[in-house]
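**Student:** Here it is, the structure in full.
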Amino acid sequence: MDVYTSEVVNIGINALDFLGEKMIILFGEDAPLDLAKFSILIKYSNLLLPLEKDDFVIIGDSKYTITSIGEEVNVNLSELGHVVLKFDASIEPMLPGNIHVSPTDLPNVVSGTQIIFKKRWLT
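First residue of the sequence shown? That's 122 in the numbering used here, and the numbers climb one at a time after it.
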């Protein structure tokens, strides 16, 4: 079951600088300019159910499994459209707003790319 479906609307001028650190920052499309330039901006959506470890993130044609999730992710995603995706398969979240995923290959993200969060037990 899709619990959050969105689409990339803009890519901040410095957003791709974080790919070297195997991470992307997602933020809702009305993020302040200071944050927007470092973020991949997405359309707001409703988070239907909380995300958990072992749920899925689909970015374009790439599918990832959540290996750990910070305690603030669900609130941040619901209220701000904001999460940090780390492509490092860590089993412990580094920060409260991080989602760590596996595999560690980075997705291709362009304007219009769909981003979908799915429950593992409702697919």
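The beta-carbon is built from N, C-alpha and C at its ideal position, and this holds for glycine as well. Keep in mind that this is a model prediction, so the values were computed, not measured.
Below 8 angstroms on the Cβ atoms is my guess for VAL222 versus THR186; work out the distance and round it to an integer in Å.
**Tutor:** With 8 angstroms as the limit, VAL222 and THR186 qualify as a contact, their Cβ atoms being about 6 angstroms apart.
**Student:** For the alpha helix (DSSP H) holding LEU162, just list the boundary residues, first then last.
**Tutor:** Taken as a continuous stretch (DSSP letters only), LEU162 belongs to no alpha helix (DSSP H), being part of the beta strand (DSSP E) at 161-163.
**Student:** Under 9 angstroms between the Cβ atoms of VAL205 and LEU169?
**Tutor:** no
**Student:** Count the other CB atoms within 10 Å of the CB of ILE134; is the residue buried (16 or more) or exposed (fewer)?
**Tutor:** exposed
**Student:** Would you mind sorting ILE145 into buried or exposed? The rule is 16 or more other CB atoms within 10 Å of its CB.
**Tutor:** buried
**Student:** In chain order, which continuous runs of the alpha helix (DSSP H) of length 4 or greater are located wholly inside the stretch 192-240?
**Tutor:** 194-201
**Student:** So, with DSSP's three-state summary, where would you put GLU150?
**Tutor:** coil
**Student:** Put PRO138 into one of helix, strand or coil per three-state DSSP.
**Tutor:** Residue identity check: residue 138 is Asp in the sequence provided, not Pro. Looking at ASP138 - three-state DSSP - the assignment turns out to be helix.
**Student:** In the DSSP assignment, the beta strand (DSSP E) including GLU128 goes from what residue to what residue?
**Tutor:** 123-132
**Student:** Would the beta-carbon of LYS240 be found less than 8 angstroms away from any heavy atom of the ligand HEM?
**Tutor:** Here there are no bound small molecules, and the ligand HEM is not part of this structure.
**Student:** Within the continuous beta strand (DSSP E) that includes SER166, where are the two ends?
**Tutor:** No beta strand (DSSP E) contains SER166, which DSSP labels as neither H nor E.
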